[in-house]
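A.B. asks: In this note's numbering, the protein residues as written are 286 to 465.
Note that beta-carbon positions come from the ideal geometry of N, C-alpha and C, so glycine has one too.
Below you'll find the structure I mean.
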């Protein structure tokens with residue numbers, strides 16, 4: 286019997302409503318070539334897990350119970366373009382966030398679920414994707430708009446296991462499967 290595969294899964298930190306409101310208040314719907322991330326989907330990814338079956342999700346949930354997660358502040362830095370068609374708000378890499386990322390990698394590795402990430406951890410919140418390149422004036426205007434969120438902070442006290450559900454022709458919805 287085969288085990289059904291669920292959509293992509295990932296572990297992340299939810300963005301509280303007051304920060305989501307700050308970010309989405311700056312969305313400029315007049316820009317035709319940009320697709321903003323739904324407010325309910327804003328998050329900081331700690332570990333991308335990819336496609337996972339139901340059995341693996343159960344094992345991931347069990348492994349996550351070993352995570353120690355203190356309350357700590359998350360500080361937003363600045364909005365930048367990545368790749369060049371992704372707009373993100375960079376997040377300050379503080380010792381707590383780095384420790385949680387490292388501990389998460391170690392626990393999932395010890396439970397033989399995933400390898401440890403070799404890439405450097407660059408915490409961020411993806412806020413938009415673009416379909417075309419912007420000219421320099423549009424780019425500077427867009428990024429300048431987001432200066433209002435520089436150095437804003439919020440307290441984090443949970444991580445979540447998310448599943449990405451895609452409905453054809455629509456943006457994915459991220460569903461919380463488990464919270465630590």
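#1: Three or more beta-carbon pairs under 8 Å between the region 292-300 and the region 445-453, yes or no?
#2: By DSSP's criteria, residue 335 is part of a beta bridge. Which residues make up the other side?
#3: Checking 8 Å against the spacing of the C-beta atoms, do residue 329 and residue 434 come in under that value?
#4: For residue 462, name the three-state secondary structure that DSSP assigns.
#5: If you count every other CB in all the chains shown that lies within 10 Å of the CB of residue 305, and 16 or more means buried, which is it?
#6: Output the distance between the C-alpha atoms of residue 366 and residue 458, rounded to the nearest integer angstrom.
#7: Put residue 450 into one of helix, strand or coil per three-state DSSP.
#8: For the beta strand (DSSP E) holding residue 358, just list the boundary residues, first then last.
#9: For residue 396, does the three-state DSSP call read helix, strand or coil?
#10: What does DSSP give as the partner residues of residue 299 in its beta bridges?
#11: Let me know if residue 317 comes out buried or exposed under the rule of 16 or more other beta-carbons within 10 Å of its beta-carbon.
#12: Taking one C-beta from the region 384-392 and one from the region 345-352 each time, how about it: are there three or more such pairs within less than 8 Å?
#13: Looking only at DSSP bridge pairs, what is residue 440 linked to?
#14: So what does residue 414 bridge to, in DSSP terms?
C.D. replies: Let's see:
#1: The region 292-300, when compared against the region 445-453, does touch it at the 8 Å Cβ threshold.
#2: For residue 335, the beta-bridge partners assigned by DSSP are 294.
#3: Not closer than 8 Å, so no.
#4: Judged by DSSP in its simplified three-state form, residue 462 adopts strand.
#5: For residue 305, the number of other beta carbons within 10 angstroms of its own is at least 16, and it is reported as buried.
#6: Distance between the alpha carbons of residue 366 and residue 458 is about 23 Å.
#7: Strand, per DSSP.
#8: For residue 358, the enclosing beta strand (DSSP E) covers residues 357-367.
#9: DSSP places residue 396 in coil when its eight states are reduced to three.
#10: The secondary-structure analysis by DSSP pairs residue 299 across a beta bridge with 328.
#11: Taking all protein chains in view, the Cβ of residue 317 is surrounded by fewer than 16 other Cβ atoms within 10 Å, so the residue is classified as exposed.
#12: Enough Cβ pairs lie closer than 8 Å, so yes.
#13: Residue 440 pairs with 358.
#14: Per DSSP, 320 and 371.
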